[in-house]
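Okay, so here's the structure we're looking at.
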Amino acid sequence: MSKEAVKKRDYLKELIDRFKEPVVETGFTRTDQIPTLRNHPCTEDISAINVASTTSFFDNLMSTRLIEEPIETVSLDKIRELHKKIYNEIMEQQDAILENFEEAKYDAPPDIRMIKKILEQGYIDAAKRVIDLINLEIRIRDGQIHQDRSIENKPRIENNFNTIRAFLLLFRKADKCRKLGKIEEEATIYLNLATYYVQEGIHWLWLSYEFFTMSINACNDYHGDNGLTEATVRYVFGKFCFLRIRYLKEALIHLGKARKLSAGRSWTASGYTGIKDDYIYPSARTLLYLTNIAMITEGEVTEPKDILHHLQEALIISENEGEFLEILVPLADAYNNVDNPREAIKYLTQYKMMAKDNPNVPEHMALTNMDFVKDMELRFCYYYTKG
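When you line the sequence shown up against the working numbering, it's residues 26 to 412, in that order.
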């Protein structure tokens with residue numbers, strides 16, 4: 026890291042200390058009486074894309090199991106169009122703040138002077154969060170630099186004062202929304218930032234994660250819009266955890282809550298994912314099913330009782346014959362591994378009944394596959410012996 030970069034970061038910290046203000050309790054409470062136009066499911070105001078089709082996204086998502094690196098069909102144009110509007114609003118606010126600013130009054134570098142002027146407008150809490158992000162970025166880089174020297178040449182928040190100004194203004198706007206009880210708007214600001222940086226490449230996924238977390242913290246347990254905001258944030262975050270960063274345990278939490286909140290609703294997250302008809306409930310259900318399986322296949326759980334738990338969860342939320350069938354044999358093995366051969370025999374028998382003369386069964390698990398049939402017979406013999 027250059028001496029100039031260190032000097033600038035230290036200068037920022039000094040500015041924050043200089044303008045530090047006492048913490049003031051806002052006293053605001055979350056209320057379910059906040060007016061909203063998004064109470065009715067499946068209307069145009071829910072999403073940037075008009076929901077007209079009845080075809081659900083989850084029917085096609087099953088193919089992700091066949092792809093080592095799941096491919097996102099995200100419309101970058103739609104997401105970038107949304108963020109261009111936000112950027113224009115930021116620049117308008119910035120111009121107003123700096124309208125009467127005279128650089129000659131300060132000895133600091135020009136970019137630092139602009140930050141100082143913004144801090145003088147009361148952006149201290151927002152600045153603290155920016156400093157936290159910069160420090161986190163430094164720790165991440167220090168931890169990776171010995172593995173990849175090219176990291177030194179990649180963009181950094183601390184060297185991009187346009188980004189810092191944008192964060193200050195957006196964080197300040199989010200704080201104002203929070204004080205006014207506009208929880209939906211506050212959560213949306215952070216969600217927009219999170220989805221934007223998802224598209225900026227793997228280098229910025231850590232920052233997306235931080236913004237997703239801020240969005241969750243903003244709308245957690247908020248029911249002023251019947252749970253729409255929280256369901257949307259948790260679904261998009263859970264999908265990010267599963268498909269992009271493989272935080273499977275965290276994906277289970279967010280997708281489970283998104284599914285619960287959206288049950289009986291036709292809410293869509295198309296405006297954030299860029300996928301047409303990306304209905305939250307069915308999509309969260311499918312991702313939840315896949316995540317429970319991945320917990321086992323990727324070694325997140327190894328204890329027999331934990332493996333059984335995730336297979337049971339997958340079976341409970343399975344919604345078609347294919348999903349149900351592919352769980353039965355592993356479930357039988359899992360019951361056997363916790364010394365319950367009777368349940369193992371029950372699920373194995375159920376599989377044989379459902380798979381018989383069934384053209385939808387995969388070839389490697391079909392009863393016409395002699396190797397598979399031999400494995401099944403060996404299982405029956407072993408389970409009966411234990412029972």
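Where a beta carbon is used, it is the ideal one built from N, C-alpha and C, also for glycine.
On a Cα-Cα basis, can you pick out the residue from the options that is closest to residue i?
| i | options | result |
| --- | --- | --- |
| Val261 | Leu350, His248, Ile342 and Ile278 | Ile278 |
| Thr220 | Ala199, Arg404 and Phe265 | Phe265 |
| Lys285 | Lys274, Leu392 and Asp246 | Asp246 |
| Asn362 | Met378, Pro387 and Asp331 | Asp331 |
| Glu2 | Arg271, Glu402, Asp167 and Glu235 | The structure shown does not extend to residue 2, since the chain is modelled only from 26 through 412, so no value can be given for it. |
| Glu210 | Asp250, His228 and Val223 | Asp250 |
| Leu333 | Ala369, Ser308 and Glu344 | Ala369 |
| Ile165 | Ala243, Lys201 and Lys179 | Lys179 |
| Gly206 | Ser308, Leu218, Ala243 and Ile321 | Ala243 |
| Glu344 | Leu232, Asp364 and Ser308 | Ser308 |
| Phe267 | His248, Leu392 and Tyr234 | Tyr234 |
| Gly299 | Tyr407, Gln224 and Gln146 | Gln224 |
Have a look at residue i and residue j and give me their C-alpha separation to the nearest angstrom.
| i | j | result |
| --- | --- | --- |
| Pro355 | Arg269 | 26 Å |
| Tyr409 | Ala380 | 21 Å |
| Leu350 | Tyr372 | 10 Å |
| Thr374 | Leu353 | 9 Å |
| Thr254 | Ser287 | 10 Å |
| Phe397 | Asn385 | 16 Å |
| Glu97 | Lys301 | Note that Glu97 scores a pLDDT of 39, beneath 50, so its modelled location is shaky; the value from the coordinates is reported in the next line. In a straight line, the C-alpha of Glu97 is about 12 Å away from that of Lys301. |
| Gly289 | Gln337 | 23 Å |
| Tyr360 | Arg203 | 49 Å |
| Ser291 | Leu280 | 16 Å |
| Asp157 | Ile342 | 39 Å |
| Ala319 | Glu348 | 14 Å |
| Asn160 | Arg181 | 11 Å |
| Glu402 | Phe236 | 52 Å |
| Gly168 | Tyr376 | 49 Å |
| Glu388 | Ile321 | 23 Å |
| Met378 | His335 | 24 Å |
| His228 | Tyr407 | 50 Å |
| His248 | Gln146 | 33 Å |
Check whether the Cβ atoms of residue i and residue j lie closer than 9 Å to each other.
| i | j | result |
| --- | --- | --- |
| Arg310 | Lys282 | no |
| Tyr304 | Thr316 | no |
| Asp150 | Phe186 | no |
| Leu313 | Gly263 | yes |
| Ala276 | Ser240 | no |
| Val155 | Ile189 | yes |
| Tyr306 | Leu216 | no |
| Glu183 | Ile163 | yes |
| Ala357 | Arg404 | yes |
| Glu328 | Lys274 | no |
| Glu346 | Asn394 | no |
| Ile214 | Ala199 | yes |
If we define contact as Cβ-Cβ less than 9 Å, is residue i a contact residue for chain B?
| i | result |
| --- | --- |
| Gln146 | Here there is only one protein chain, and chain B is not present. |
If I'm right that residue i touches residue j with Cβ under 8 Å, what's the distance once you round it to whole angstroms?
| i | j | result |
| --- | --- | --- |
| Lys411 | Pro366 | 4 Å |
| Leu193 | Tyr148 | 5 Å |
Practice task
Would you list, in sequence order, the uninterrupted alpha helix (DSSP H) runs of no fewer than 4 residues that lie entirely inside the stretch 267-317?
Solution key: Fully enclosed alpha helix (DSSP H) runs of 4 or longer: 273-287 and 295-298.
Practice task
Starting from the N-terminal side, write out each stretch of the alpha helix (DSSP H) that is 4 residues or longer and does not extend beyond the stretch 198-233.
Solution key: When DSSP assignments are scanned along the stretch 198-233, the uninterrupted stretches of alpha helix (DSSP H) that are 4 or more residues long and fall wholly within it turn out to be 208-223.
Practice task
Return the chain-ordered ranges of every beta strand (DSSP E) run that is complete within the stretch 323-383 and spans a minimum of 3 residues.
Solution key: None, since the stretch 323-383 contains no complete beta strand (DSSP E) of that length.
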